[in-house]
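J.: Sharing a structure with you now.
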Amino acid sequence: MRCRGFILKETVAAMIICLMLVPAVILCLSSISGCLRFREEVQDRIALSQLRRILMLSYDVHTEGNAVRFSYQNEDRLLRFTGDWLLISPGTEIMLAMVEGGRFIERNDLLYVIYERKGKQYEAVLCPLQ
Numbered sequence: 179m180r181c182r183g184f185i186l187k188e189t190v191a192a193m194i195i196c197l198m199l200v201p202a203v204i205l206c207l208s209s210i211s212g213c214l215r216f217r218e219e220v221q222d223r224i225a226l227s228q229l230r231r232i233l234m235l236s237y238d239v240h241t242e243g244n245a246v247r248f249s250y251q252n253e254d255r256l257l258r259f260t261g262d263w264l265l266i267s268p269g270t271e272i273m274l275a276m277v278e279g280g281r282f283i284e285r286n287d288l289l290y291v292i293y294e295r296k297g298k299q300y301e302a303v304l305c306p307l308q
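The opening position of the sequence shown corresponds to residue 179 in my numbering, with each subsequent residue numbered one higher.
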């Protein structure tokens with residue numbers, strides 16, 4: 179029996195090689211973890227550009243308290259902050275999620291949205307007022 183303990187030696191050698199590769203794998207995964215995180219700022223930019231497009235194609239855009247009324251595709255719509263969301267109704271088209279609060283202001287013939295998330299305040303132009 180010349181092969182006594184061969185499988186044990188091969189298994190131990192494979193385990194040692196795997197353990198030597200663990201730090202390299204962890205280093206690679208930690209370097210790409212930043213790319214895998216959800217970034218709300220990027221999502222907000224996408225949502226606000228979609229909202230700008232809707233408002234640019236709309237008629238009779240005006241603020242009503244803490245909401246914006248407009249006519250889009252021959253239907254009256256309402257853009258408002260409800261709970262943690264910025265919604266377009268009728269229906270529940272969510273434009274911004276996980277916001278702590280917000281308001282709309284008219285300044286220099288432009289409509290602005292100001293919202294807050296995680297203690298940081300954001301401001302963006304939505305559309306010119308006609």
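Note that CB positions come from ideal geometry on N, CA and C, so glycine has one too.
Every value quoted in this text rests on a predicted model; they were computed, and no experiment measured them.
#1: Note down, in chain order, each residue of its chain lying with its Cβ closer than 7 Å to the Cβ of Val-303, except the 5 sequence neighbours on either side.
#2: In the DSSP assignment, find the beta strand (DSSP E) that holds Arg-258 and state where it starts and stops.
#3: Tell me, please, whether the region 259 to 279 touches the region 218 to 233 by the rule of three or more beta-carbon pairs shorter than 8 Å.
#4: So if DSSP puts Ala-245 in a beta bridge, which residue, or which two residues, is it bridged to?
#5: May I have the straight-line CA-CA distance separating Arg-231 from Cys-305, to the nearest angstrom?
#6: When we look at the beta-carbon of Arg-255 and count the other beta-carbons within 10 Å, is it buried (16 or more) or exposed?
#7: Which word fits Gly-212, buried or exposed, when buried means at least 16 other C-beta atoms lie within 10 angstroms of its C-beta?
#8: Please name the residue or residues paired with Pro-306 in a DSSP beta bridge.
#9: If we count the other Cβ atoms within 10 Å of its Cβ and call it buried at 16 or more, is Val-246 buried or exposed?
#10: Reducing DSSP to helix, strand and coil, say where Gly-183 ends up.
#11: By how many angstroms is the C-alpha of Ile-283 removed from the C-alpha of Pro-268?
T.: Inspection of the coordinates gives the following:
#1: Walking along the sequence shown from the start, residue 303 turns up at place 125. So the qualifying residues of the chain are Leu-288, Tyr-290.
#2: Taking the first residue of the sequence shown as 1, we reach residue 258 at position 80. Note, Arg-258: beta strand (DSSP E), 253 to 260.
#3: Taking 8 Å as the limit for Cβ pairs, the verdict is that the region 218 to 233 does touch the region 259 to 279.
#4: For the purposes of this step, residue 245 is identified with residue 67 of the sequence shown, where counting begins at 1. Paired residues: Glu-242, Arg-258.
#5: Residue numbering aside, residue 231 sits at position 53 when the sequence shown is read from its first letter. Residue numbering aside, residue 305 sits at position 127 when the sequence shown is read from its first letter. Each residue's alpha carbon lies about 9 Å from the other.
#6: The residue you call residue 255 lines up with position 77 of the sequence shown. Arg-255 should be labelled buried.
#7: Taking the first residue of the sequence shown as 1, we reach residue 212 at position 34. By the neighbour-count rule (16 or more Cβ atoms within 10 Å), Gly-212 is not buried but exposed.
#8: As a working note, residue 306 is residue 128 in the sequence shown. In the DSSP output, where bridge partners are listed per residue, Pro-306 has Leu-288.
#9: In the sequence shown, the residue the question calls residue 246 occupies position 68. Classification of Val-246: buried, given that the 10 Å Cβ count is 16 or more.
#10: Numbered from its first residue, the sequence shown carries residue 183 at position 5. Three-state result, Gly-183: coil.
#11: In the sequence shown, residue 268 corresponds to position 90, counting from 1. In the sequence shown, residue 283 corresponds to position 105, counting from 1. Answer to the nearest angstrom: the Cα atoms are 22 Å apart.
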